[in-house]
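S.K.: Structure below; questions to follow.
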Amino acid sequence: MTLRTTNPVLRALVSLKLTIACLAALMVLVMACTLAQVKLGTWPAVEIYMRAWFVWWDVPGTELRIPVFPGGALVGLVLLVNLFLAQLVRLELAWKKVGLWISHAGLILLVLGEFVTGAFQVESQLAVEEGQTVNYVESPRELELAVIDVTDPAMDDVYSVPAARLERGGAIPIPGTPVAVQVRRFFRNAELARLGPADPPSPVTAGVGTGVAVRERPPVSRDDQTNQAAAFVEPVAGGRSYGTWLVSNGLGAPQSFTHEGRTYQLQLRSRREYLPFAITLKDFRHDVYPGTQIPKNFSSLVTIANPSRGEQRDVLIYMNQPLRYEGKAFYQASFGKGDTLSILQVVENPGWLIPYVSCVLVAIGLIVHFAITLRRSSRRRQAASEA
Amino acid sequence: MISRLDSPSRPSGARALALAAAVSVVALAGCRSEEIAHYRVPKSSGSAAPAPAASPMMPASGQVPAPPSPVAGSKLVWTLPARWTETTGGGGMRYATLKAPVGGRLDVSVTVLPGEAGGELANVNRWRGQIGLPALDGPALAKARRPLETKAGTVSLYDFTSEGTAKSRVVAGLAVVDGNSWFIKMTGDAGAVDAARPDFLRIVESLRRDASND
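Right, dumping it as structure tokens:
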């Protein structure tokens, strides 16, 4: 392998030392991220260490943030450039190197695949009770204020306002409706309790929240904790206020008001993505080994109904046997309500095949390279023995 | 994007493309849309999917404590007019859902809550708020109240119609029986409520204690 460049920047970018430095930095990041998960939970730790360009340190007592280490995204990008340029600059374009070319392409694809996953993978949940039909998935870590026009007896018009928009406050006009929602206050996490005599008076004038006290709590991020968000919102339609309402993902029942003959529901809930098909849970099974409580199998027998395809069929989803349908994979993830509720983890990742393709490429490349080297070596031996 | 990686004959173009692709992919990861989305979807069966709180992996956190169940011995029954139907429950804290044989948007419900359930003024103002009417004060409430004597005791009846061109109307009765608050409420388009009102009043007048429960 000869280096065919004199440009110092290019030389640095293609150097093997940079590859080693990147791999070492990734090891440090993986270790730090794993340790941070204990305190922060999986998702925030991955966002802070792996998906960020830099790992930042908040200087205590100040507003200052200092980058202290390259983040996973930056290290991945440098590694990607390094691998790519090294392939072009270092590897000669010859048949005897074809195995290495294939393996390198596989490695580049592997790193690139992680960027595709980071950018496009969407994880959500589908919770369905036996006998229930559900046509949406929910993102437990993202919330939305759903303003739903429920007037039509068969169809709902759902207007989804992301929680990030609520956090900014102010008036939010709902397009296509005469309704605007004025956000009075937003709590990322709050405790809701019955309004007691010691509580300050509630600003809520309508809905079920009039008797509820909202106490702000610091947001949580660990996997076993859930934020209970809450907001005081005032729907205004046709210049008329419909009062101040409390909305929260901790309140079960939706609340509604009627304007000009149309009824609108207000609900702060996990962000929903509606599906072009519906899933009905026919049966959930939680099998245990005889005489013990040790789980043997969890499975959900579901019916998929897709009117656009004229399709209606039963599918059994069980451990490690997900249902792959319409670009989504439905995994058996959890259960509840005395084994009548099944919770499926729903993963949508357009790049899910990339790691498999990369591993196959790397393996093929190594086999080809080994075969070429073996052939060359055996020829040399043959030549030596003939001489 | 991926296919371009194995084209070493034009390294500079390929490099630029790969870099641009990687940077744009990473940049996309940081985007968090604040746009309001609109979906038109068929109504789901049953109630909304239970929150992940039901999962053993995600324990419930600080829900508002559920109201205690109504005390026993205070069940009310009523007589349904011809062609009216009823189903028990119906979601939330509903005791029963009644269906009137009239067209248009109409919802008739019976709800029971323990104690005063926030009080008469708060509940009446909640109903008024649902159709965009301003809250009443104590004297205005007394003026709006129409007492109706039934076998279950006195029912306070209220009737409100919204403003605007497409009017909504709510007719609702409230009775406190054996420490529980009973609400019987009809709401919907003003025309539909108007058509069902005589029958609804007959239902309210027929309210009585359930003999089988005593």
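The listed protein sequences derive, respectively, from chains A and B.
Residues in the first sequence are numbered consecutively from 1366, following this note's numbering.
Residues in the second sequence are numbered consecutively from -2, following this note's numbering.
The beta-carbon is built from N, C-alpha and C at its ideal position, and this holds for glycine as well.
Quick one: Cα of A/F1597 to Cα of A/V1512, how far?
M.R.: Position 232 of the first sequence holds residue 1597 of chain A. Position 147 of the first sequence holds residue 1512 of chain A. Each residue's Cα considered, the two are about 14 Å apart.
S.K.: Roughly how many whole angstroms lie between the Cα atoms of B/V99 and A/R1559?
M.R.: Working through the second sequence from its first residue, we reach residue 99 of chain B at position 102. Working through the first sequence from its first residue, we reach residue 1559 of chain A at position 194. Distance between the alpha carbons of B/V99 and A/R1559: 39 Å.
S.K.: Taking 6 Å as the limit between beta carbons, can you name the residues of its chain near A/S1525, skipping five residues before and five after?
M.R.: On the first sequence, position 160 is the one that residue 1525 of chain A refers to. Here the set comprises E1509 and A1511.
S.K.: With distances taken between CB atoms, is the gap from A/A1618 to A/V1544 smaller than 8 Å?
M.R.: Taking the first residue of the first sequence as position 1, residue 1618 of chain A is located at position 253. Taking the first residue of the first sequence as position 1, residue 1544 of chain A is located at position 179. Going by C-beta atoms, A/A1618 is not nearer than 8 Å to A/V1544.
S.K.: At 9 Å on the CB atoms, spell out the chain B contacts of A/H1624, in chain order.
M.R.: As a working mapping, residue 1624 of chain A is identified with position 259 in the first sequence. Residues of chain B passing the Cβ test: I128, G129, S159, G161, A163 and S165.
S.K.: Spell out whether any CB of chain A is found under 8 Å from the CB atom of B/Y92.
M.R.: Indexing the second sequence from 1 puts residue 92 of chain B at position 95. Answer no: the Cβ-Cβ gap between B/Y92 and chain A never drops below 8 Å.
S.K.: Determine, using beta-carbon pairs with one atom in the segment 1738 to 1748 of chain A and one in the segment 1718 to 1730 of chain A, whether at least three such pairs fall under 8 Å.
M.R.: Taking 8 Å as the limit for Cβ pairs, the verdict is that the segment 1718 to 1730 of chain A does not touch the segment 1738 to 1748 of chain A.
S.K.: Ignore the nearest five residues each way along the sequence and tell me which others in B/R287's own chain have a CB closer than 8 Å to its CB.
M.R.: The structure shown does not extend to residue 287 of chain B, since chain B spans only -2 to 211, so no value can be given for it.
S.K.: So, does the CB of A/A1519 fall closer than 8 Å to a CB anywhere in chain B?
M.R.: Along the first sequence, one-based indexing puts residue 1519 of chain A at 154. It does: the Cβ of A/A1519 has a partner Cβ on chain B nearer than 8 Å.
S.K.: When you compare the CB of A/D1522 with every CB in chain B, is at least one pair closer than 8 Å?
M.R.: Here residue 1522 of chain A is taken as the residue at index 157 of the first sequence, counted from 1. A/D1522 counts as touching chain B.
S.K.: Determine whether the Cβ of B/G111 lies closer than 8 Å to any Cβ atom of chain A.
M.R.: Mapped onto the second sequence, residue 111 of chain B falls at position 114. A quick correction: the sequence has Pro, not Gly, at residue 111 of chain B. No, B/P111 does not count as interfacial toward chain A.
S.K.: Tell me whether the beta-carbon of A/A1563 lies closer than 8 Å to the beta-carbon of A/R1582.
M.R.: The residue labelled residue 1563 of chain A in the question sits at position 198 within the first sequence. The residue labelled residue 1582 of chain A in the question sits at position 217 within the first sequence. No, they are not a contact pair.
S.K.: Compare the C-alpha of A/P1566 against each of A/R1678, A/R1674, A/A1578 and A/T1371 and name the closest.
M.R.: Start at 1 with the first residue of the first sequence, and residue 1566 of chain A comes out as number 201. Minimum Cα distance to A/P1566 is reached at A/A1578.
S.K.: Compare the Cα-Cα distances from B/G161 to each of A/G1692, A/G1604 and A/L1405 and report the closest residue.
M.R.: For the purposes of this step, residue 161 of chain B is identified with residue 164 of the second sequence, where counting begins at 1. Closest by alpha carbon: A/G1604.
S.K.: So what does DSSP say about A/I1385, is it helix, strand or coil?
M.R.: Position 20 of the first sequence, counted from the first residue, corresponds to residue 1385 of chain A. The answer is helix: DSSP assigns A/I1385 an H, G or I state.
S.K.: Can you name the residues of chain B whose CB is closer than 7 Å to the CB of A/G1608?
M.R.: Looking up residue 1608 of chain A in the first sequence gives position 243. In chain order: G126.
S.K.: For the beta strand (DSSP E) holding B/N122, just list the boundary residues, first then last.
M.R.: Within the second sequence, residue 122 of chain B is the residue found at index 125, counting from 1. Segment E117 to Q127 is the alpha helix (DSSP H) holding B/N122; no beta strand (DSSP E) there.
S.K.: Three-state secondary structure (DSSP) at A/Q1756?
M.R.: Outside the displayed range of chain A (1366 to 1752) lies residue 1756 of chain A, so it cannot be described from this structure.
S.K.: Give a yes or no on whether 8 Å exceeds the smallest Cβ distance from A/P1527 to chain B.
M.R.: As a first step, residue 1527 of chain A must be located in the first sequence, where it is residue number 162. Yes - at least one Cβ of chain B is within 8 Å of the one on A/P1527.
S.K.: For chain E, check one thing: does any of its Cβ atoms lie closer than 8 Å to the Cβ of A/T1668?
M.R.: The structure shown has no chain E; the protein chains it does contain are A and B.
S.K.: Could you tell me whether the Cβ atoms of A/S1664 and A/L1709 are closer together than 8 Å?
M.R.: The count along the first sequence starts at 1 and reaches residue 1664 of chain A at position 299. The count along the first sequence starts at 1 and reaches residue 1709 of chain A at position 344. The answer is no: Cβ separation not under 8 Å.
S.K.: Return the bridge partner residues of A/N1614 from the DSSP annotation.
M.R.: In the first sequence, residue 1614 of chain A corresponds to position 249, counting from 1. According to DSSP, A/N1614 bridges with nothing at all.
S.K.: Looking at chain B, is there any beta carbon in it that lies within less than 8 Å of the beta carbon of A/H1734?
M.R.: Translated into positions along the first sequence, residue 1734 of chain A becomes position 369. No, because no Cβ of chain B sits closer than 8 Å to the Cβ of A/H1734.
S.K.: Run through the DSSP bridge pairs and tell me what A/P1660 is partnered with.
M.R.: As a first step, residue 1660 of chain A is located in the first sequence; it is residue number 295 there, counting from the start. According to DSSP, A/P1660 bridges with A/V1653.
S.K.: What number of angstroms, rounded off, separates the C-alpha of B/L103 from the C-alpha of A/S1707?
M.R.: The residue labelled residue 103 of chain B in the question sits at position 106 within the second sequence. The residue labelled residue 1707 of chain A in the question sits at position 342 within the first sequence. Their backbone Cα atoms lie some 34 Å apart in a straight line.
S.K.: When the Cα of A/R1825 is compared with those of A/P1527, A/G1572 and A/V1612, which residue comes out closest?
M.R.: Residue numbering for chain A in the displayed model covers 1366 to 1752; residue 1825 of chain A lies beyond these limits and cannot be assessed.
S.K.: Would you mind sorting A/Q1677 into buried or exposed? The rule is 16 or more other CB atoms within 10 Å of its CB.
M.R.: One-based indexing of the first sequence puts residue 1677 of chain A at position 312. By the neighbour-count rule (16 or more Cβ atoms within 10 Å), A/Q1677 is not buried but exposed.
S.K.: Going by Cα to Cα distance, which pick from A/V1585, A/G1437 and A/R1430 is closest to A/M1415?
M.R.: Taking the first residue of the first sequence as 1, we reach residue 1415 of chain A at position 50. Comparing Cα-Cα distances from A/M1415 to each of A/V1585, A/G1437 and A/R1430, the minimum goes to A/G1437.
S.K.: State the DSSP-derived secondary structure class of B/P195, mapped to helix, strand or coil.
M.R.: Translated into positions along the second sequence, residue 195 of chain B becomes position 198. Here B/P195 sits in helix by DSSP.
S.K.: When you compare each of A/L1646, A/A1749, A/F1434 and A/A1390 to A/L1498 by their alpha carbons, which one comes out closest?
M.R.: One-based indexing of the first sequence puts residue 1498 of chain A at position 133. Just to set this straight, residue 1498 of chain A is Thr in the shown sequence, not Leu. Of the listed residues, the one whose Cα sits closest to A/T1498 is A/L1646.
S.K.: Using the three-state DSSP reduction, which class does A/I1732 fall into: helix, strand or coil?
M.R.: Walking along the first sequence from the start, residue 1732 of chain A turns up at place 367. Of the three classes helix, strand and coil, the one that applies to A/I1732 here is helix, per DSSP.
S.K.: Take A/R1530 as the anchor and find which of A/L1631, A/L1681, A/V1546 and A/G1441 has the nearest alpha-carbon.
M.R.: The residue you call residue 1530 of chain A lines up with position 165 of the first sequence. The candidate whose alpha carbon is nearest that of A/R1530 is A/V1546.
S.K.: Please report whether the beta-carbon of A/N1500 lies at a distance below 8 Å from any beta-carbon of chain B.
M.R.: Translated into the one-based positions of the first sequence, residue 1500 of chain A becomes position 135. By this cut-off, A/N1500 is an interface position.
S.K.: Cβ atoms of A/L1383 and A/A1377: under 8 Å apart, would you say?
M.R.: As a first step, residue 1377 of chain A must be located in the first sequence, where it is residue number 12. As a first step, residue 1383 of chain A must be located in the first sequence, where it is residue number 18. Their beta carbons are under 8 Å apart, which means A/A1377 touches A/L1383 by this criterion.
S.K.: Looking at the secondary structure, which residues open and close the alpha helix (DSSP H) in which A/E1532 lies?
M.R.: Mapped onto the first sequence, residue 1532 of chain A falls at position 167. Per DSSP, A/E1532 belongs to the alpha helix (DSSP H) from A1528 to R1533.
S.K.: Alpha carbons only, please: which of A/I1385, A/P1641 and A/Y1696 is nearest the one belonging to A/L1445?
M.R.: Here the question's residue 1445 of chain A lines up with position 80 in the first sequence. That would be A/I1385, whose Cα lies nearest to the Cα of A/L1445.
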